[in-house]
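With full-length UniProt numbering, letter number 102 in the sequence shown gets 102, and the count goes up by one each step, no holes.
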Amino acid sequence: DEKNEVDDDDGEENQDGDTTEATSDLSSEADSDASSTFLSETSTAAARRKKRNDPSVFATSISKILSSKLSTSKRADPVLSRSKSATDASRALADSKLDAKARAKLRAEKREALNKGRVTDVLGTENVETSTAEIVELEKRLRKTAQRGVVKLFNAVRAAQVKGEEAQREVRRAGVVGMANREEKVNEMSKQGFLELLTGSG
Numbered sequence: 001d002e003k004n005e006v007d008d009d010d011g012e013e014n015q016d017g018d019t020t021e022a023t024s025d026l027s028s029e030a031d032s033d034a035s036s037t038f039l040s041e042t043s044t045a046a047a048r049r050k051k052r053n054d055p056s057v058f059a060t061s062i063s064k065i066l067s068s069k070l071s072t073s074k075r076a077d078p079v080l081s082r083s084k085s086a087t088d089a090s091r092a093l094a095d096s097k098l099d100a101k102a103r104a105k106l107r108a109e110k111r112e113a114l115n116k117g118r119v120t121d122v123l124g125t126e127n128v129e130t131s132t133a134e135i136v137e138l139e140k141r142l143r144k145t146a147q148r149g150v151v152k153l154f155n156a157v158r159a160a161q162v163k164g165e166e167a168q169r170e171v172r173r174a175g176v177v178g179m180a181n182r183e184e185k186v187n188e189m190s191k192q193g194f195l196e197l198l199t200g201s202g
């Protein structure tokens, strides 16, 4: 009985050994499959890296790109000319620049129209070449000229009034009949005299 028990124990050990051997065989096959796929992946990755870093492949790619023909619309901006998004972005950028230029021009025209009749430099500060003393001297001269003009105007008005009174006396002496005729004659004489005085004194 003891032998049977020992044999049973050995049988269990053998069965366990067989299962461990079977699992080790399976794992070694799986490892070999995994290692072969890993090797194939690393070899393709290495080939990709080699192709990516290979100068001759790069040179042929660049020469193909450079020798390809571009349409006339794409010749203006050849960089990324085959990229749809880059083309759309460059077109949108050009449109926005054109729109901004148009808006700036409209603003400038509007500003120019508003400033058309305006005097922007009232104090004369923009003309840096003139000094304050020169500006004061110019103001004095202009004031004197205006004063002389006003004096001449008042003298001409007074002389015209005197001539008008004299003309009225002459009309009465001449014996012009009717108030309307008399006033008409006086007005005509006084207007002519006033205009002569203005042109003569100028």
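The beta-carbon is built from N, C-alpha and C at its ideal position, and this holds for glycine as well.
Assignment of Asn187 by DSSP, reduced to helix, strand and coil, places it in the helix class. By the beta-carbon neighbour count (other beta carbons within 10 angstroms, threshold 16), Ala104 is exposed. In the structure shown, Ser71 adopts coil according to DSSP, grouped into three states.
Here Ala89 is exposed. Its C-beta has fewer than 16 other C-beta atoms within 10 Å. Boundaries of the alpha helix (DSSP H) around Asp95: 84-114. By a beta-carbon distance limit of 8 Å, Ser81 contacts Leu70. Their separation comes to about 6 Å. As the crow flies, the alpha-carbon of Gly175 is around 11 Å from that of Gln168.
For Arg172, the secondary structure class from DSSP, reduced to helix, strand or coil, is helix.
For the pair Lys163 and Glu183, the Cα-to-Cα distance works out to about 14 Å. For Gly117, the three-state secondary structure derived from DSSP is coil.
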